[in-house]
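Under my numbering, the letters of the first sequence match residues 895 to 998, in that order.
All remarks here apply to the structure that follows.
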Amino acid sequence: MMNKDSFRDRVYKLVTRIPKGKVSTYGDIAKALGNVRLSRAVGVALKLNPKPIEVPCHRVVKSNGELGGYSYGGLDMKKRLLKAEGIEISGNKIKNFEKVRYKF
DNA sequence: GCCATGGCTAGTA
DNA sequence: GCCATGGCTAGTA
Numbered sequence: 895m896m897n898k899d900s901f902r903d904r905v906y907k908l909v910t911r912i913p914k915g916k917v918s919t920y921g922d923i924a925k926a927l928g929n930v931r932l933s934r935a936v937g938v939a940l941k942l943n944p945k946p947i948e949v950p951c952h953r954v955v956k957s958n959g960e961l962g963g964y965s966y967g968g969l970d971m972k973k974r975l976l977k978a979e980g981i982e983i984s985g986n987k988i989k990n991f992e993k994v995r996y997k998f
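As structure tokens, then:
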């Protein structure tokens with residue numbers, strides 16, 4: 895009997911689908927899970943991400959294009975990872991946000 | 001069960 | 001204001 899994935903597992907699964915060079919938002923993931931109101935819980939789930947390598951949570955940012963948080967190495971690390979993937983950032987915001995925003 | 005804690009968000013003021 | 005988590009407390013048995 896296959897037990898259902900927990901909320902966190904479903905979050906991780908979605909995040910895994912975001913391709914390199916693209917970003918998504920906490921809210922978009924929440925919507926993909928059924929309700930935008932889950933967005934805050936999505937943030938919490940990502941903070942608890944046990945595998946930051948496999949689950950690229952650095953590709954998840956705020957709905958207004960700001961970076962949001964990052965528990966592994968802090969914001970500088972998040973910024974560096976994104977830049978290394980070709981995402982342009984100015985200050986604390988993603989440039990061409992809509993253009994690099996991945997749609998599920 | 002209750003309560004605090006967040007990597008948040010849409011919609012007022 | 002929302003809602004999944006995690007830690008902790010009554011208050012039963």
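Even glycine gets a Cβ: it sits at the ideal position worked out from N, Cα and C.
Source: prediction; values computed, not measured.
With contacts defined by Cβ atoms closer than 9 Å, LEU940 and SER965 form a contacting pair.
Of all C-beta pairs linking the stretch 924-937 to the stretch 977-984, fewer than three are shorter than 8 Å, placing the two stretches out of contact. Across the set GLY915, TYR906, LEU942, the C-alpha of TYR906 shows the shortest separation from the C-alpha of ALA926. Residue VAL949 holds the alpha-carbon nearest to the alpha-carbon of PRO913 among ASN986, ASP903, MET971, VAL949.
In the DSSP assignment, SER918 is bridged to VAL954. Beta-carbon to beta-carbon, GLY959 and TYR920 are separated by about 12 Å, too far to satisfy the 8 Å threshold. For GLY968, the enclosing alpha helix (DSSP H) stretches over residues 968-978.
In terms of Cβ geometry, ASP922 and PHE998 form a close pair [threshold 9 Å]. Between ARG995 and VAL938, the C-beta spacing is not below 9 Å. Within 10 angstroms of the beta-carbon of ASN943 lie 16 or more other beta-carbons, which makes it buried.
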